[in-house]
Amino acid sequence: MHFTSVFTPAVALLATAASASPVEKRAVTADQMVATINKITQQSKSLATIAGNLNPMSGVPLLGPGSGTGSTSYQQLITGFQGIITTGTTAITSMDGTQAYTDTAAEQQVCDAFSNFVVVHQNLLKIVIGKSGLLEGIFLGPVAAVLRSLENVVDTLAFGIIDSVPFCADKATSDKNNLDDTLGKAVCAYTPAGSLGLNLFC
């Protein structure tokens, strides 16, 4: 499976701690993988609502009492993305040792769940991209940083999913590529050049 080097130290530590006996790799069933994908999909859907209510001026005293009513802040967005990153990282760790599934019906369920995640997550990212022009440059960095971390986790998770579903790997790969494109545009939108250029450079 394709796993990034960021997980190597953790794996090495676990191996050292269990040196007295062989390390037994964990594997997840197709049903468990579908459940995990669906959990991240739901997190993305909930975060889309928060993103839709983004108002960078929420709570600013100069606007007067109650100015932020019904709005949310970029910190809530960042916290939401961190939650998705945590769920994804846990999923990647548990997938270590998972072999390719041999039941085509089960593989299709995994691919369908992943395809649905991509649609929901792209919708979230498009909302976030649309909000980028509301920010002053000083606020762009923290959002860009969490999006880059998200990009790494989603990439690694997607590769793990693709490796486990040879029956529909081509479709899953196409979905991953589409999501990669949107993630890249989201990161670009939260850089000064991308934001000021109104997606001209993204």
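Residues -20 to -1, 1 to 182 (mature numbering (1 follows the signal peptide of the UniProt record, and there is no 0)) make up the sequence shown, in order.
Using N, Cα and C, we set each Cβ at its ideal position, and we do this for glycine too.
Quick caveat, the model's predicted, so the values are computed rather than measured.
In this structure, the beta-carbon distance from Val123 to Tyr170 falls below 8 Å.
The stretch 156 to 163 makes contact with the stretch 128 to 139, as at least three CB pairs between them are under 8 Å.
Boundaries for Ser53: no alpha helix (DSSP H) harbours it, and the DSSP string shows neither H nor E there. Between the alpha carbons of Gly63 and Thr84 lies a distance of about 31 Å. The beta-carbon distance between Val90 and Val145, rounded to whole angstroms, is 5 Å. This is short enough to meet the 8 Å contact definition. The continuous alpha helix (DSSP H) containing Leu120 extends over residues 120 to 144. Membership of Ala80 in any alpha helix (DSSP H) is not indicated, and neither H nor E is assigned to it by DSSP. Taking each of Lys106, Phe147, Thr67 in turn and checking the Cα distance to Lys165, the smallest one comes out for Lys106. Distances from the CA of Ser154 to each of Arg128, Ser129, Asp92 were compared; the closest alpha carbon is that of Asp92. With a cutoff of 8 Å on beta-carbon distance, Val134 and Leu163 are scored as near each other. For Asn103, the enclosing alpha helix (DSSP H) stretches over residues 84 to 111.
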